[in-house]
């Protein structure tokens with residue numbers, strides 16, 4: 001699948017914001033190439049580790065295990081103690097659906113979003129946590145991330 005590349009300047013960002021009013025910002029903005037090169041799975045995993053999580057894409061097997069409607073998103077396998085991810089309340093088995101304004105459907109989406117947001121030191125992460133037991137339904141959770149500096 002070929003993705004379009006945009007050079008993000010203020011006018012384009014304003015246009016995207018106006019176009020997205022009333023219907024949410026789409027993942028097109030997260031698919032723009034970063035200034036430091038093309039996103040790779042290895043780079044995405046490194047950024048996720050820097051954030052404090054070990055992750056993988058939701059495949060059909062994980063979809064069945066977690067009881068998800070479709071095989072889409074990025075699932076958290078482990079949360080590193082004392083990391084920004086742990087401090088914000090992200091849990092194992094959570095499926096990351098959004099980072100700030102960026103919709104997350106693949107590992108590469110997560111890498112692109114983290115590349116942009118980790119440097120801001122303050123951002124939000126939306127996760128879906130599946131049903132954990134009988135009578136307990138899953139739900140969407142919003143985590144406020146603040147990266148502390150020494």
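Numbering (our numbering), first residue to last: 1 to 150.
C-beta atoms are modelled at their ideal positions from N, C-alpha and C, and glycine is treated no differently.
Residue 40, buried or exposed, once every other Cβ within 10 Å from all chains shown has been counted against 16 = exposed
Which of helix, strand or coil does DSSP assign to residue 27?
-> Note that residue 27 has pLDDT 38, beneath the 50 cutoff, so the model's placement of it is unreliable and the number below is only indicative. Three-state result, residue 27: helix.
For residue 100, which three-state DSSP category applies?
-> The answer is coil: DSSP assigns residue 100 none of H, G, I, E or B.
How about residue 76 and residue 92: do their beta carbons lie closer than 7 Å?
-> yes
Anticipated Cβ contact below 8 Å, residue 99 with residue 107, distance rounded | The pair is not a contact, with the Cβ atoms about 12 Å apart (cut-off 8 Å).
Tell me residue 53's beta-bridge partners as DSSP assigns them.
-> 79
Whose C-alpha, out of 123, 38, 59 and 72, is nearest the C-alpha of residue 87?
-> 123
Cβ separation of residue 79 and residue 52, assumed to be a contact under 8 Å, to the nearest whole Å = Yes, they are in contact, since the Cβ atoms of residue 79 and residue 52 sit about 6 Å apart, within 8 Å.
Closest residue to residue 67 among 95, 54 and 44 (Cα-Cα distance) | 95
Go ahead and label residue 142 buried or exposed: buried means 16 or more other beta carbons lie within 10 angstroms of its beta carbon, across all protein chains shown.
-> exposed
Cα-Cα separation between residue 58 and residue 147, rounded to whole angstroms | 27 Å
Residue 114 lies in the alpha helix (DSSP H); which residues open and close that run?
-> 107–117
How would you call residue 144, buried or exposed, if buried means at least 16 neighbouring beta carbons within 10 angstroms?
-> exposed
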